[in-house]
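Comments concern the structure below.
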Amino acid sequence: MLNGTAASFNLALPQLLVGKRKFPVVNLDDFITGIQAGYQFNGINFSGNYTNGEFFSLDGLHFSARGNALIANKFIETINNNYGAAIPEVNPGDYPSTQRP
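Counting from 1, position 31 in the sequence shown corresponds to residue 128 in the working numbering; the numbering is continuous, with no gaps.
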């Protein structure tokens with residue numbers, strides 16, 4: 098039920114913004130789904146595996162520091178593309194990896 102609700106919201110939000118001020122939307126659902134299959138950035142392999150995938154923290158729910166850096170880059174990319182800005186991306190490698198017990 099929750100996935101269906103989130104999917105409905107993700108479809109409705111861009112529709113609500115039609116005709117409004119230019120307001121970019123960052124589609125994290127597609128990005129996070131892509132992470133599940135594996136994603137590489139600056140030599141770091143990310144996946145949905147919370148024990149060694151670098152994207153999620155060990156609780157399997159929250160993002161790791163490196164995962165948050167990747168998400169920040171999606172926001173930066175969207176801002177740059179929509180407003181002609183030149184904000185530099187962050188390097189996830191500058192943030193700590195998931196610390197395993």
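No residue lacks a Cβ here, since even glycine has one placed at the ideal position from N, Cα and C.
Outcome for residue i when other beta-carbon atoms lying within 10 angstroms are tallied against a minimum of 16
i: Pro-101; result: At residue 101 the sequence reads Gly, which differs from the Pro that was named. Gly-101 comes out exposed.
i: Arg-197; result: exposed
i: Ala-166; result: buried
i: Gly-181; result: exposed
i: Gly-150; result: buried
i: Gly-135; result: exposed
Nearest-angstrom Cα separation, counted from residue j out to residue i
i: Asn-177; j: Phe-120; result: 13 angstroms
i: Ala-202; j: Phe-128; result: The structure shown does not extend to residue 202, since the chain is modelled only from 98 through 198, so no value can be given for it.
i: Leu-104; j: Tyr-192; result: In the sequence as presented, Leu is not what sits at residue 104; that position holds Ala. Near 31 angstroms, if we compare the C-alpha coordinates of Tyr-192 and Ala-104.
i: Thr-130; j: Pro-189; result: 19 angstroms
i: Glu-174; j: Ala-183; result: 9 angstroms
Residues bridged to residue i [DSSP beta-bridge criterion]
i: Ile-141; result: Phe-138
Residue i beta carbon near the ligand MG (any heavy atom closer than 8 angstroms)
i: Gly-101; result: What this structure holds is no ligand at all, so the ligand MG is not there to describe.
For residue i, three-class secondary structure by DSSP
i: Glu-174; result: helix
i: Phe-160; result: strand
i: Phe-128; result: helix
i: Phe-153; result: strand
i: Gln-196; result: coil
i: Pro-185; result: coil
i: Phe-120; result: coil
Integer Cβ distance of residue i from residue j, believed to fall under 8 angstroms
i: Val-123; j: Phe-172; result: 5 angstroms
i: Leu-155; j: Thr-148; result: 7 angstroms
i: Phe-152; j: Ile-132; result: 5 angstroms
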